[in-house]
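A short write-up of the structure that comes next.
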Amino acid sequence: MIVYASLGLVKGQFKIPPQSETWLGLIVGILTGVASVATGIFVIPGVPYVTALDLDRNRMVQALGLSFTVSTITLALALAYQGQLHTEVAWPALLALGVALIGMWFGQIVRSKVKAETFRLCFFLGLLLLGGHLALRGLL
4 MIVYASLGLV KGQFKIPPQS ETWLGLIVGI LTGVASVATG IFVIPGVPYV TALDLDRNRM
64 VQALGLSFTV STITLALALA YQGQLHTEVA WPALLALGVA LIGMWFGQIV RSKVKAETFR
124 LCFFLGLLLL GGHLALRGLL
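For the sequence shown, counting from 1, position 101 maps to 104 in my numbering; every step adds exactly one.
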């Protein structure tokens, strides 16, 4: 994630030809699922794939939102199936969901008022910070 965000910040960009979207999307979907099962993180390689589709920012946010929603629901179902989803995590999870929904609402307002280049910069900085946090958390 850190490498991908760094490439994005220096404007290194991948493009996926339209004729490759279907088969490559299937492979990326499988790899994202494998990474999610192994780590609980469903950002890589899905986010780089979606951004390489060269969608306008509204469609990109919609595609990422759909991907994150499906991944989150699937992860919750997998945890429930394995007996790892306990009632003591229900309230913190609901609180986090509420905060996430407020963040999404705020993000829609900001997205409509921010230039595309500023949005892109914030997007990649956010990924860089998230990747750094995950890497440091793993070391500590």
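Every residue, glycine too, gets a C-beta built ideally from N, C-alpha and C.
Would you kindly check if the distance between the Cβ of residue j and the Cβ of residue i is under 8 Å?
i: residue 46; j: residue 4; result: yes
i: residue 55; j: residue 116; result: no
i: residue 88; j: residue 79; result: yes
i: residue 48; j: residue 31; result: yes
I need the straight-line Cα distance from residue i to residue j, nearest angstrom please.
i: residue 65; j: residue 73; result: 12 Å
i: residue 42; j: residue 94; result: 23 Å
i: residue 138; j: residue 26; result: 31 Å
i: residue 39; j: residue 82; result: 12 Å
i: residue 107; j: residue 114; result: 10 Å
i: residue 77; j: residue 28; result: 18 Å
i: residue 71; j: residue 22; result: 25 Å
i: residue 51; j: residue 58; result: 12 Å
i: residue 86; j: residue 111; result: 36 Å
i: residue 120; j: residue 109; result: 19 Å
i: residue 75; j: residue 118; result: 29 Å
On the premise that residue j lies in contact with residue i, defined as a C-beta separation below 8 Å, what is that separation, rounded to the nearest angstrom?
i: residue 152; j: residue 53; result: Outside the displayed range of the chain (4 to 143) lies residue 152, so it cannot be described from this structure.
i: residue 98; j: residue 7; result: Not a contact, Cβ separation roughly 30 Å.
i: residue 122; j: residue 60; result: 6 Å
Using DSSP with H/G/I as helix, E/B as strand and the rest coil, what is residue i?
i: residue 126; result: helix
i: residue 89; result: coil
i: residue 143; result: coil
i: residue 48; result: coil
i: residue 19; result: coil
i: residue 117; result: coil
i: residue 13; result: coil
i: residue 43; result: coil
i: residue 107; result: helix
> How do the stretch 116-135 and the stretch 9-18 stand: do at least 3 beta-carbon pairs fall below 8 Å, yes or no?
Replying inline: yes
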